[in-house]
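Under the numbering used here, the first residue of the sequence shown is numbered 45, with each subsequent residue one higher. We put the CB at the ideal spot given by N, CA and C, even for glycine. Notes for the one structure printed next.
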Amino acid sequence: MLGPVETRSVSPVFVGRTGELGVLNDALARARAGEPQALLLGGEAGVGKTRLVEEFAALAGRHAVAAVGGCVEIGADGLPFAPFAAALRTLRDALPEEFAAAARGQEEELARLLPDLGEAGAGHHDEQGMTRLFELTVRLLERVAAERPVVLVLEDLHWADASTRHLLAYLLRTLRTGRLLVLASYRSDDIHRRHPLRPLLAELDRLRTVRRIELARFTREEVGGQIAGILAADPDPAQVDEIFERSDGNAFFVEELAVAARDGCCAGLTDSLRDLLLVRVEALPESAQRVARIVAEGGSTVEYRLIAAVAQLGEDDLIEALRAAVGANILTVTPDGDGYRFRHSLVREAVADDLLPGERSRLNRRYAEALEADPTLVPADARVMRLASYWYHAHDPAKALPAVLDASVVARRRHAYTEQLRLLERAMELWDSAPEEVRSALRPVDYTEVYPPCGCDPATTPLRYLDLMAEAAVAGRFGGERERALKITKRALRLLEDEPDPLRAAWFWIQRSRLVQAQARGDGRQELATAQDLVRGLPPSEVHAEVLALAANWSMLHRPGPEAFAAAQRAVEYARMVGAREIELHARLTLGCLEVDSGDTETGLDRMRQVLRDTLAEGVHQVAGRTYVNLPSQLQGIGRDREAVVLLREGIAFSRAQGLLDSESWIRGNLAEALYALGDWAEAAEAAAHASRAGHSAKTRGTGALHLAHLALARGDLAGAGRELAAARAHYGTHDPMPQHSLPLARVALGVAAEEGRTADVRAELLRALDDGFPPGTQRYGWPLLRAAAAAEAETRALPAAEPGRAEILDRLGEAVRHLATGGPLWRAYEQWTRAELRRAQGADTADDWSPVVTAFECLDRPYDLARVRHRLAAALLAEGGDDERDRALELLRLAAAVAAHLGARPLADAVARLAQRARLTLTRPPRQALAPADPVAALGLTSRERDVLRLVSAGRTNRQIAEELFISPKTASVHVSNILGKLGVSGRGEAAALAHRLGLFPSGDEERLAAG
């Protein structure tokens, strides 16, 4: 290698950029205070971005660890994740203990990004794979920067590969904690309308957390300062004027022109500044020019040993050539001292552009041959990708095709699916040009889900063009390039028309179904039906099993029924027969959901619990993540929300640990729903906001927005409810309607319209839902909708404007109530509630209608619903009149008011207050007398009968059991229980029992003595 060499032309004085440095230093101060920062630094080539970054990194190094990574260009190909890998490597070297602790447990996955951590496992490839890697990377950075400030610098984004761009976008969107500053630079004059970086910049501009700095050219005064630094003397003003005019303030051209003028080089005054750069190279000795041309074609950075192998010069001659190029400041030694790069990319581009076409392909061939002869010439993690690029640009299809396919496997293993797709498209481009003997020696390069390679034995059957298309279709789907993947599947199906192959055709139709849904082009049903037709009558296979499993899952979500049940059963059977374990687990989970929906509740739940145990034990994380979504959801569907919450919290921890972002968002959406039912609205809002913000898919974000809309409606925030409802509808779209989305949307829309007095809109929402119907298993969505519609009709009973069409609406509601399934205590309670609301809508409801509803909800863990039906019962009691009825109504209203105040349910609180005011009831309690220590039960204000009832409530008796033991009616027992709850100031029977035990009101054994006596 080369020793120290004196170079020239770079100014030792840092000129200007005071404002930009101020912005960067302010961002660093914020990051040090624990507020993550993100900045984009743009500017034309040569304007001084790298110099500014270097200056800032040096200053930041006093207070933080600066980790710099640059996007690497090999020919025209960027290395996947190159800047992140380089920066993380620096970070690991600077903070080894902190880095190891932050990466612990995820080394195998993170090795896809930083191979230094070990061998990346085969892992599981799916549409969440890339996002999973991104989430783990963000978490790694947040942990490393938890205590020590970190400056992460990513240079030359204009060369970034797609995976690097996706990771940067994810990092800047999701970064929330840590003392981290992210600074990314790019060449703005390269960002033409179709440049791939342009959409990313537009997306990042919309983030309030990202600031953009545009680096301007130097002023005349700054140019003068730069020239003075280069010349180490005050320049002639006329010379400053001339150089400023020629360079237009571009810092790099100022340097080149200043040195040219100093050396008496007339090229500085030519018409082309590019000629200036080439003239400086052409002034080198011939051997140095030759080395410069070799380095220009080798990539952004080229290793010394690789240069030596390609140049084929004697070692002394090579070193002298390099010394001349470095001394002229054309080349510079890399920071690790192992290779060379051009001092500025503009010089490299000028030299590369000056190469003749044949010269360029010859140099690439020399690089490829050298690397094949000695693979140790470059780092192991870059070897395969660089070899593929060299052979491709050498225009040798026979060599390029196998190399490109090898590189596609590496890209897939790194979850760089967009790069994999690009490489596979390159292989398809080379396919016809490659000799037949080369193609016949190729084998399937990877396994593409359940796609059957074209031949019985992949180890002996040659790779076919159709196999490449299958790989490319999946790579496009996983990498988010769905439009390209759709085009590939379309071409593949056309090829299969000429060579019929039902299994492969069915597989491609499966891909189209997924892609059509993901691209919002439809619900995917027609494509799945085509796949089913193709496999019908064929022997069991993985493709057949997957078609059945997907069809069953589609039907479960859209139109559950016997057909879905049969498909799920056959999918389980076929998957077992062919050993497709993951498909079997998916199908068993779907079958369990369908069993619960059909009323075979415990069988279905047991099946789903077993799937969860199996997936956790076998490490099938994707199915485990789905189970953590579906199993709690089914528990919620039968009213067992508290049991579901335990599983949901467990699922969040699991999903975060595995980086399953979409699963986590679904789980948080379900958690929001469960916590809403249980009365923890603050945490419910937090969970819903997380789901709406962090979901990878549009549907998860829609679910979060839907739950936020529901909460806003219950709190009386109609504007907020409308906004979130619109957001949910936008996320869900209209291409793939599902009852689990459309019915809750209709419920919220109906509620907002009712609160705003839009009766026609209320009825329109209801009729649309009734016309669509309630498929099996959708009672959890249907009953709240019917109840809300019945309540809206009751509220408008006295309005003449609501009378037209009223009878028809009530008839339709009544018919729906008669036919909608219940299937559990919760929905039976909702049925009673809805029937009572219909009676109220007819002006015929009484306390006898509402008392059973209150009794039903007192046994359920749903405080908001209980408060609402207590309010209704209080209204019915007050309508009947009588002192006892008023006393009982007062206690019910106090209980409802307490819950409404606790939850922030303003509409309910207002309704309770209005009813109390009309009845001249005071909701606030008179001051309590001091408790008499001799009889604490009496001190609570309980009568002797209420004392007996409380003793039995504490023993866990139901109202019917209390009535039987005390020889009173269940209705009277219910009245006593309501009075007790009001006097104790608690919201439910469980709280009353807990208070009695905590105060020691009843000695152990009293309940048994009372029952026996």
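If one requires a minimum length of 4 residues, the alpha helix (DSSP H) runs lying completely within the region 312–369 are 317–326, 330–342, 348–355, in chain order. Counted as a single uninterrupted DSSP element, the alpha helix (DSSP H) harbouring Glu153 occupies residues 151–154. Residues Gln876 of the same chain have their beta carbon placed closer than 8 Å to that of Pro896, with the five preceding and five following residues left out of the count. A straight-line Cα-Cα distance of about 11 Å links Gly1000 and Cys903. With fewer than 16 neighbouring CB atoms inside 10 Å of its own CB, Val57 falls in the exposed class. Tyr509: member of the alpha helix (DSSP H) spanning 509–522, first to last residue.
In the three-state scheme derived from DSSP, where H, G and I count as helix and E and B as strand, Arg962 is classed as helix. The beta-carbon separation of Ser405 and His439, rounded to 5 Å, stays under the 8 Å limit for a contact. Burial is judged here by how many other beta carbons sit within 10 angstroms of a residue's own beta carbon; Thr253 has fewer than 16 and is exposed. When Gly695, Gly746, Gly681 are compared, the shortest CA-CA separation from Leu660 is found for Gly695. When DSSP states are grouped into helix, strand and coil, Ile696 belongs to the helix group.
For Glu799, the closest alpha carbon among the candidates Thr778, Leu762, Glu98, Ser707 is that of Leu762. Ala573 is positioned such that its CB atom lies no closer than 8 Å to that of Ala615. Scanning the region 214–266 from its first residue to its last, the whole alpha helix (DSSP H) runs of 4-plus residues come out as 241–249.
Sequence-distant Cβ neighbours of Val943 in its own chain, meaning closer than 6 Å and more than five residues away, are Pro907, Ala911, Ser1031. Of the candidates Asp909, Asn1023, Asp905, the residue whose Cα lies closest to the Cα of Leu936 is Asn1023. Annotation for Tyr908: the continuous alpha helix (DSSP H) segment containing it runs 907–924. When the alpha-carbon of Leu870 is set against those of Leu829, Leu984, Gly681, Ala155, the nearest one is in Gly681. As computed with DSSP, Arg392 is found in no beta bridge at all.
The region 67–76 makes no contact with the region 276–286; the number of CB pairs closer than 8 Å stays below 3. Within the same chain, Glu881, Arg884, Ala885 come within 7 Å of Ala838 by CB-CB distance, once the 5 residues on both sides are set aside. Assigned with DSSP and collapsed to three states, Gln666 falls in helix. In terms of Cβ geometry, Arg261 and Asn294 form a close pair [threshold 8 Å]. One alpha carbon belongs to Pro441, the other to Thr504, and they sit about 22 Å apart. Under the three-state reduction of DSSP output, Ala190 falls in the coil class, being neither helix nor strand.
Of all C-beta pairs linking the region 452–461 to the region 148–162, three or more are shorter than 8 Å, placing the two stretches in contact.
Ala536 carries a helical assignment under DSSP once its states are collapsed to helix, strand and coil. In the DSSP assignment, Gln876 falls within the alpha helix (DSSP H) that extends over 869–885. Rounded to whole angstroms, the gap between the alpha carbons of Leu123 and Leu185 is 21 Å. Around the C-beta of Pro819, 16 or more other C-beta atoms lie within 10 Å, and the residue is accordingly described as buried. The beta carbons of Tyr411 and Val339 sit about 11 Å from each other, so the pair does not count as a contact at 8 Å. Gly746: member of the alpha helix (DSSP H) spanning 742–759, first to last residue. No Cβ-Cβ contact shorter than 8 Å links Leu301 with Gly92. Taking 8 Å as the cut-off, the beta carbon of Ala697 is found no closer than this to the beta carbon of Arg712. Three or more Cβ pairs closer than 8 Å define a contact, and the region 749–759 meets that threshold against the region 717–736. Look at the beta carbons and you see the region 626–637 touching the region 669–677: at least three pairs across the two are nearer than 8 Å.
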